[in-house]
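Input: a single structure, listed below in structure tokens.
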Amino acid sequence: MRLNVTVNGEARQADDVWEGESLLYVLRERLGLPGSKNACEQGECGSCTVYLDGTPVCSCLVAAGQAEGCEVRTVEGLAEGDQLDRVQQSFVDAGAVQCGFCTPGLVVAAHDLLKRVPNPSDPEIREALAGNLCRCTGYEKILDAVRLAATR
Amino acid sequence: MEFLRPTSLAEALEAKSANPDAVPIAGGTDVMVELNFDHRRPAALLDLNRVGELAEWSVTATGTRLGAGVPYTRIIAELGDRLPGLAMASRTVGSPQIRNRGTVGGNLGASSPAGDTHPVLLATDAVVEVASVRGVREIPIGEFYRGVKRNALEPDELITAIHLPEGGGPQQFSKVGTRNAMVIAVCSFGVALHPADNRVGAGIGSAGPTPIRAVDAERFAAEELSWDSPKPLTDAVARRFGELVAAAATPIDDVRGTAAYRRHALSVLARRTLTWAWKDYARCA
Ligand SMILES: Cc1cc2nc3c(=O)[nH]c(=O)nc-3n(C[C@H](O)[C@H](O)[C@H](O)COP(=O)(O)OP(=O)(O)OC[C@H]3O[C@@H](n4cnc5c(N)ncnc54)[C@H](O)[C@@H]3O)c2cc1C
Ligand code: FES
Ligand code: FES
Chain Z
1 MRLNVTVNGE ARQADDVWEG ESLLYVLRER LGLPGSKNAC EQGECGSCTV YLDGTPVCSC
61 LVAAGQAEGC EVRTVEGLAE GDQLDRVQQS FVDAGAVQCG FCTPGLVVAA HDLLKRVPNP
121 SDPEIREALA GNLCRCTGYE KILDAVRLAA TR
Chain L
1 MEFLRPTSLA EALEAKSANP DAVPIAGGTD VMVELNFDHR RPAALLDLNR VGELAEWSVT
61 ATGTRLGAGV PYTRIIAELG DRLPGLAMAS RTVGSPQIRN RGTVGGNLGA SSPAGDTHPV
121 LLATDAVVEV ASVRGVREIP IGEFYRGVKR NALEPDELIT AIHLPEGGGP QQFSKVGTRN
181 AMVIAVCSFG VALHPADNRV GAGIGSAGPT PIRAVDAERF AAEELSWDSP KPLTDAVARR
241 FGELVAAAAT PIDDVRGTAA YRRHALSVLA RRTLTWAWKD YARCA
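Protein chains in written order, with UniProt numbering: chain Z, 1 to 152; chain L, 1 to 285.
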């Protein structure tokens, strides 16, 4: 089937989409947006997190056809040109990136948190990021990055 | 594979009737895992996201009518006061991303004995509204679960809503798992006080082939509690309630826990949640 979807503000089309494939697959393999990562394909790791009509979701659990006509915003759509979003810049500054595989999903989840809660408490940060796994950092630097982003 | 995209309930019911093999997909948090891992190759997917009627809740003469497709995040944000037990259970589901998509209709459709909403639905006397082109049926929750991941839906039917009667009394939900987020229950328990007719509802999750209603425990608590002039719950009553809940469970040993552990944990959850609920009741009575 043909899929029409707005990604990062741009109207996009993908052809020959298999009805059962995920939005994550469409983004990575058909639209050339490899920012969202594929680590588990079962909703457990959060590394595929994108905004779907403004709500953070695991794109591996959205059927491609469910995204027809929707607005998707991926980690690629957060920066303004070369200017990183404050959450991205804070991840860099706080040293919250090691292998980087979890980073795009965590950045989107943290971006959403700060939109909803400008000054989150530590429990609020932990709760908001509970659906994102990181195997490298031990999370402390990630918490630092979110706290830092909240001050910017 | 076909992808059916109805935009109204009437269209959705017609599509399901014409394609009884089509697999409904709401939040997709169960269905997509099966597709991604090739555990399922349905002839068609029936997307329910565009059916506005399923994504609404409303107040009725007898309580709350919750559309099958209202995601957990909205239940938590909008219904914590009307449906406290269901909101508590919703908070424990998966992660923010899962709660943004997952629905009670999907929890019922999957009918996993570990689904977090089931204990609360049992404790609160929920009624499942299902519909097809043939008409609407209202299935009391106790008759909905029919076996491991099986339920009372006919092939041409969709779950349209869940009716939750006005409870009026405190409700509680507790779940045992290895961490707070992203955990399939080792066991879970929901309790609801129904002061209007001096009854207690008690539902068990993840400790049997289906969610289970702890009928003896309900009856015992209803008789022992001092409804008219509430006195603190005695240790003996709380403990006996826990024992009767544990006795109603039919758990197995599996990777998440042993049967013996589940029975023990359930007795603790039951004792604690009844104590909390009764304290609430006594405070407001
Ligand atoms: C990472 C992860 C963590 C999870 N954690 C939990 C948890 O903590 N607790 C828990 O209970 N569950 C959990 N789940 C399971 C799942 O999120 C829930 O069962 C959820 O309620 C499913 O809702 P959904 O709308 O996403 O269902 P879908 O995946 O869309 O559908 C599930 C089933 O119900 C059917 N269905 C859906 N809507 C209808 C309808 N209106 N009429 C008829 N049939 C319908 C579908 O055909 C399918 O068989 C988790 C899943 C994942 C991936
Ligand atoms: S790849 Fe989607 S949650 Fe892990
Ligand atoms: S930085 Fe490697 S998984 Fe998080």
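Backbone N, C-alpha and C define an ideal beta-carbon position, used for all residues, glycine too.
Beta carbon of VAL26/Z nearer than 9 Å to that of ALA64/Z: Within the first sequence, residue 26/Z is the residue found at index 26, counting from 1. Within the first sequence, residue 64/Z is the residue found at index 64, counting from 1. Yes, they are a contact pair.
Near ligand 3: CYS58/Z beta-carbon under 8 Å from a heavy atom: Your numbering for residue 58/Z matches position 58 in the first sequence. At a threshold of 8 Å, CYS58/Z does not count as near ligand 3, since its beta carbon sits no closer than that to any of the ligand's heavy atoms.
Member of THR29/L, GLY85/L, LEU79/L, THR103/L whose CA lies at the smallest distance from the CA of VAL70/L: By one-based count along the second sequence, residue 70/L stands at place 70. It is THR103/L whose Cα lies nearest to the Cα of VAL70/L.
At least 3 beta-carbon pairs within less than 8 Å: the segment 43-61 of chain Z vs the segment 8-17 of chain Z: No: the two stretches stay apart, fewer than three of their Cβ pairs being nearer than 8 Å.
Closer than 8 Å: ALA39/Z CB and nearest ligand 2 heavy atom: Counted from its first residue, the first sequence places residue 39/Z at position 39. Taking the Cβ of ALA39/Z as the reference point, at least one heavy atom of ligand 2 falls within a distance shorter than 8 Å.
Any C-beta of chain L under 9 Å from that of GLU68/Z: Indexing the first sequence from 1 puts residue 68/Z at position 68. Contact with chain L is found for GLU68/Z, since one of that chain's Cβ atoms lies less than 9 Å from the residue's Cβ.
beta-carbon MET182/L near ligand 1 non-hydrogen atom, thresh 8 Å: Here residue 182/L is taken as the residue at index 182 of the second sequence, counted from 1. Answer for MET182/L: yes, Cβ within range of ligand 1.
Contact residues within the segment 31-56 of chain Z, judged by C-beta distance below 8 Å to chain L: Across the segment 31-56 of chain Z, CB contacts with chain L closer than 8 Å involve GLU41, GLN42, GLY43, GLU44, GLY46, THR49, THR55, PRO56, in sequence order along the chain.
LEU153/L and ILE204/L closer than 9 Å at C-beta: Along the second sequence, one-based indexing puts residue 153/L at 153. Along the second sequence, one-based indexing puts residue 204/L at 204. Going by C-beta atoms, LEU153/L is not nearer than 9 Å to ILE204/L.
Local Cβ density within 10 Å of PRO20/L, reported as buried at 16 or more and exposed below that: To locate residue 20/L, count along the second sequence from 1; it is residue 20. Looking at its Cβ environment, which holds fewer than 16 other Cβ atoms inside 10 Å, PRO20/L is exposed.
Heavy atom of ligand 3 within 8 Å of GLY100/Z beta-carbon: Position 100 of the first sequence holds residue 100/Z. Within the cutoff, so yes.
Chain Z within 9 Å of LEU153/L, Cβ atoms only: Against the second sequence, residue 153/L aligns to sequence position 153. Output row for LEU153/L: interface = no.
Proximity below 9 Å, CB of VAL133/L to CB of ALA126/L: On the second sequence, residue 133/L is found 133 positions in, with the first residue counted as 1. On the second sequence, residue 126/L is found 126 positions in, with the first residue counted as 1. The answer is no: Cβ separation not under 9 Å.
Integer-rounded CB distance, given that ALA161/L should sit under 8 Å from ARG67/L: The count along the second sequence starts at 1 and reaches residue 67/L at position 67. The count along the second sequence starts at 1 and reaches residue 161/L at position 161. This sequence places Gly at residue 67/L; Arg is not what is there. Rounded, the Cβ-Cβ distance is 5 Å, consistent with contact.
Simplified DSSP assignment, three categories, for VAL255/L: Taking the second sequence and counting its residues from 1, one reaches residue 255/L at position 255. If DSSP states are grouped into helix, strand and coil, VAL255/L belongs with coil.
Contacts that GLY94/L makes with chain Z (C-beta to C-beta distance below 8 Å): Indexing the second sequence from 1 puts residue 94/L at position 94. Here the neighbours are GLY43, GLY131.
Chain L contact for LEU114/Z (CB, 9 Å cutoff): In the first sequence, residue 114/Z corresponds to position 114, counting from 1. No, LEU114/Z lies away from the interface with chain L (no Cβ there is under 9 Å from its Cβ).
Short CB-CB distance (under 9 Å) between VAL70/L and chain Z: Locating residue 70/L in the second sequence gives position 70, where the first residue counts as 1. Not an interface residue.
Which of helix, strand or coil DSSP assigns to ALA65/L: For the purposes of this step, residue 65/L is taken as the residue at position 65 of the second sequence. What sits at residue 65/L in the sequence shown is Arg, not Ala. If DSSP states are grouped into helix, strand and coil, ARG65/L belongs with the strands.
Ligand 1 heavy atom lying under 8 Å from the CB of LEU158/L: One-based indexing of the second sequence puts residue 158/L at position 158. Checking every heavy atom of ligand 1 against the Cβ of LEU158/L, one is found closer than 8 Å.
beta-carbon ARG135/Z near ligand 3 non-hydrogen atom, thresh 8 Å: Here the question's residue 135/Z lines up with position 135 in the first sequence. ARG135/Z: yes, Cβ under 8 Å from ligand 3.
VAL107/Z Cβ short of 8 Å to ligand 4 heavy atom set: Among the ligands modelled here, namely ligand 1, ligand 2 and ligand 3, ligand 4 does not occur.
Strand pairing of HIS163/L, partner residues [DSSP]: By one-based count along the second sequence, residue 163/L stands at place 163. Answer is ARG65/L, VAL127/L, bridged to HIS163/L.
Sequence-distant residues of the same chain with beta carbon closer than 6 Å to LEU61/Z, five excluded per side: The sequence position of residue 61/Z within the first sequence is 61, counting from 1. Answer for LEU61/Z: GLY43, listed in chain order.
Identity of the residue in TRP57/L, SER8/L, ARG74/L nearest ASN49/L by Cα: Taking the second sequence and counting its residues from 1, the one referred to as residue 49/L is at position 49. Checked all of TRP57/L, SER8/L, ARG74/L; the closest Cα to ASN49/L is SER8/L.
The alpha helix (DSSP H) enclosing TYR145/L, as first and last residue numbers: Reading the second sequence from its first residue, position 145 is the one you call residue 145/L. No alpha helix (DSSP H) holds TYR145/L; the beta strand (DSSP E) holding it covers 145-147.
Contact belief for ALA249/L with GLY208/L at Cβ below 8 Å, rounded distance in angstroms: Mapped onto the second sequence, residue 249/L falls at position 249. Mapped onto the second sequence, residue 208/L falls at position 208. In this structure ALA249/L is in contact with GLY208/L, their Cβ atoms being roughly 6 Å apart against a cut-off of 8 Å.
Chain-ordered neighbours of GLU140/Z on chain L, where CB pairs are closer than 8 Å: Counting from 1 along the first sequence, the entry for residue 140/Z is found at position 140. Correct list: empty, because the minimum Cβ distance to chain L is about 17 Å.
Limits of the alpha helix (DSSP H) - the one that PRO56/Z falls within: Counted from its first residue, the first sequence places residue 56/Z at position 56. From DSSP, PRO56/Z is part of no alpha helix (DSSP H) but of the beta strand (DSSP E) over 55-58.
Ligand 1 heavy atom lying under 8 Å from the CB of LEU61/Z: One-based indexing of the first sequence puts residue 61/Z at position 61. Yes, since a heavy atom of ligand 1 falls inside the 8 Å radius drawn around the Cβ of LEU61/Z.
Environment of residue 287/L [buried if 16+ CB atoms lie within 10 Å]: A query on residue 287/L cannot be resolved here, the shown segment of chain L reaching from 1 to 285 and no further.
Contact belief for ALA94/Z with THR49/Z at Cβ below 8 Å, rounded distance in angstroms: Within the first sequence, residue 94/Z is the residue found at index 94, counting from 1. Within the first sequence, residue 49/Z is the residue found at index 49, counting from 1. About 19 Å separates the beta carbon of ALA94/Z from that of THR49/Z, a gap too long to meet the 8 Å contact definition.
Exposure label - ASN119/Z; buried when at least 16 CB within 10 Å: To locate residue 119/Z, count along the first sequence from 1; it is residue 119. With fewer than 16 Cβ atoms within 10 Å of its Cβ, ASN119/Z is classed as exposed.
is_contact[CYS134/Z, chain L] using C-beta, thresh 9 Å: Within the first sequence, numbered from 1, the residue matching residue 134/Z stands at position 134. False, the Cβ-Cβ gap to chain L never drops below 9 Å.
Residue burial classification, ASN180/L (beta-carbon count within 10 angstroms, cutoff 16): Numbered from its first residue, the second sequence carries residue 180/L at position 180. It is exposed - the Cβ of ASN180/L has fewer than 16 other Cβ atoms within 10 Å.
Proximity test, GLY102/L beta-carbon vs ligand 1 heavy atom, cut-off 8 Å: Sequence index remark: in the second sequence, residue 102/L carries index 102 (1-based). In this structure, the C-beta of GLY102/L approaches ligand 1 to less than 8 Å from one of its heavy atoms.
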